[in-house]
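Here's the structure, in structure tokens; my notes come after.
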Amino acid sequence: MSQDSARVEMAALETAREPNKVLAVLRTSVGRNAGLVVALLLICIVGAITAGSRFTDWDNALTILRLAAVVGVVSIGMTFVIIGGGIDLSVGAIVALSSVWCTTVATQELAQDTHWLWMVVVALLVGAGCGLVNGLLIAYGGIVPFIMTLAMLASARGLAEIISDKKTQIVNVPGFDDFFDRDVLGIDVQIWLFALVSVAGWILLNRTTFGRRTVAVGGNPEAARLAGINVKRHTVYLYVLIGVCCGIAALMLVAKTTTGSSTHGNLLELDAIAAVVIGGTLLTGGRGTIVGTVLGVLIFTTITNIFILNNRSFSEQSLFKGAIIVAAVLLQQRLASRSNT
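The opening position of the sequence shown corresponds to residue 18 in the numbering used here, with each subsequent residue numbered one higher.
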């Protein structure tokens, strides 16, 4: 009788453990990414049902990837910053400033006299410079990332308006458009750039000391400091990294629109943060994946594409995206609380 009771108790324990096993899988990066893939497939099915061949057409798939490219590049940099325990609200303004600075008359004349790569150098330096200012004042000035990057958002956007005099600057540099506005193997160069940045980000996060230090700094800054990591210096590196990503995104926007404008990148920071959160990166830092971020970007871009194809308003898109963000954060908190338990 006692053996039967023991068997019953063991069976009950095994049954109770089943949900925990499922949750354990969902808490892993593989489980989270698999869930995102399923979500993306379901969204694609909805798109195929509601928009038909307009959605399933190959050209539309390329359109989705083109739309995802700019926000995707910024989101890769944002992933590193958030994993490292920070946040950056200024990415849209930095993109605007980089686009304006690299398309000024002086910069374009220099590019025409020498090589169009000078525009690339200027955009990357402006982005990195803004990131450096953010990083130094956050790490060594003790300013909260939210406040510092909010100040940079206002300052960078204002400086972009001053430089451009609130006018759109037309690009007229031979070779620049030819490079960025062409296809390689039938796929837009900007999509290839997004893929290249994503692969580089994955390698940097998962296969280098820099990536391991980023996770350590975001997970527990004090423990990282005691382990010999220069937390302040690493924080500066993270903001310079996202600044460089903003410079790349600015070049992509300039090539796409053939203009530099102080309005470029408007609300880009919200899309980037949303994609990173949807991708499973904890806003408190210490956990996240590049693959998850890429999937998050594709999910948001695909949703936008479906709404456009079905002639739905921008307000409806915003409402739906907001609901997705809230659901993602609640799910993160749920899994985290279960893990602690």
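Heads up, the beta-carbon is just placed ideally off N, CA and C, and yes, glycines get one too.
Task: Rounded Cβ spacing between R71 and L326 (contact assumed at less than 8 Å) - done: 5 Å
Open item on the list: Taking only three categories from DSSP, how would you classify V90?
Closed with: helix
TODO: Note down, in chain order, each residue of its chain lying with its Cβ closer than 6 Å to the Cβ of W135, except the 5 sequence neighbours on either side.
DONE: For W135, where only same-chain residues beyond five positions count, the Cβ hits under 6 Å are L127, A128.
- [ ] Leaving aside the five residues before and after M18 along the sequence, list all residues of the same chain whose C-beta is less than 7 Å from its C-beta, in chain order.
- [x] Here M18 scores only 45 on pLDDT, less than 50, and its place in the model is too uncertain to base an answer on.
TODO: Below 8 Å on the Cβ atoms is my guess for F97 versus L222; work out the distance and round it to an integer in Å.
DONE: 7 Å
Task: Three-way DSSP call (helix, strand, coil) for I66 in this model - done: helix
TODO: Classify K338 as buried or exposed, calling it buried when 16 or more other Cβ atoms lie within 10 Å of its own Cβ.
DONE: buried
Open item on the list: In this structure, how does DSSP classify I325 when only helix, strand and coil are distinguished?
Closed with: helix
- [ ] Look up Q186 in the DSSP assignment and give the residues it is bridged to.
- [x] G277
Task: Length at least 3, wholly inside the segment 201-271: the beta strand (DSSP E) runs in chain order - done: none
Task: Rounded distance between the beta-carbons of G94 and G235, thought under 8 Å - done: Not really, about 14 Å apart at Cβ, beyond 8 Å.
Open item on the list: Taking 6 Å as the limit between beta carbons, can you name the residues of its chain near I204, skipping five residues before and five after?
Closed with: none
Task: Reduced DSSP secondary structure (H/G/I, E/B, other) of W133 - done: coil
Open item on the list: Quick check: G152 and C263, are their CB atoms within less than 8 Å of each other?
Closed with: no
TODO: Thinking L176 and L114 are a contact (beta carbons under 8 Å), I'd like their distance in whole angstroms, please.
DONE: 6 Å
- [ ] State yes or no: is the C-beta of I160 within less than 8 Å of the C-beta of G302?
- [x] no
Open item on the list: Any contact between the segment 244-251 and the segment 78-85? By contact I mean 3 or more CB pairs, one from each, below 8 Å.
Closed with: no
Task: Alpha-carbon to alpha-carbon, M165 and K273 - done: Cα-Cα distance, rounded: 30 Å.
Open item on the list: Rounded to whole angstroms, what is the Cα-Cα separation between Q186 and V201?
Closed with: As the crow flies, the alpha-carbon of Q186 is around 28 Å from that of V201.
TODO: Let me know the secondary structure DSSP gives T318 once reduced to three states.
DONE: helix
TODO: State the DSSP-derived secondary structure class of S19, mapped to helix, strand or coil.
DONE: Any answer about S19 is weak, because its pLDDT of 49 lies below 50 and its placement is not dependable; what the coordinates show is given next. Helix, per DSSP.
Open item on the list: Whole angstroms are fine: how far does the CA of V108 sit from the CA of C119?
Closed with: 16 Å
Task: Close beta carbons around T124, own chain, < 8 Å, minus the five adjacent residues each side - done: Beyond the five residues adjoining it in sequence on each side, T124 comes within less than 8 Å, by CB distance, of W118, W135, M136, V139 in the same chain, given in chain order.
Task: Sub-8 Å separation of S279 and E178 beta-carbons - done: yes
Task: Nearest neighbour of V311, chosen from R329, G148, S92 [CA to CA] - done: The shortest Cα separation from V311 among R329, G148, S92 belongs to S92.
Task: Environment of D74 [buried if 16+ CB atoms lie within 10 Å] - done: exposed
- [ ] Would you mind stating whether N322 and T80 have Cβ atoms separated by less than 8 Å?
- [x] yes
Open item on the list: Along the chain, where does the alpha helix (DSSP H) containing V161 start, and where does it finish?
Closed with: That residue, V161, is in no alpha helix (DSSP H); it is neither H nor E in DSSP.
TODO: Could you round the C-beta distance between F331 and A291 to whole angstroms and report it? I think they count as a contact, below 8 Å.
DONE: Incorrect: roughly 15 Å between the Cβ atoms, too far for contact.
TODO: Decide if Y256 is buried, meaning its Cβ has at least 16 other Cβ atoms within 10 Å, or exposed.
DONE: Under the 10 Å beta carbon count, Y256 is surrounded by 16 or more other beta carbons and is classified as buried.
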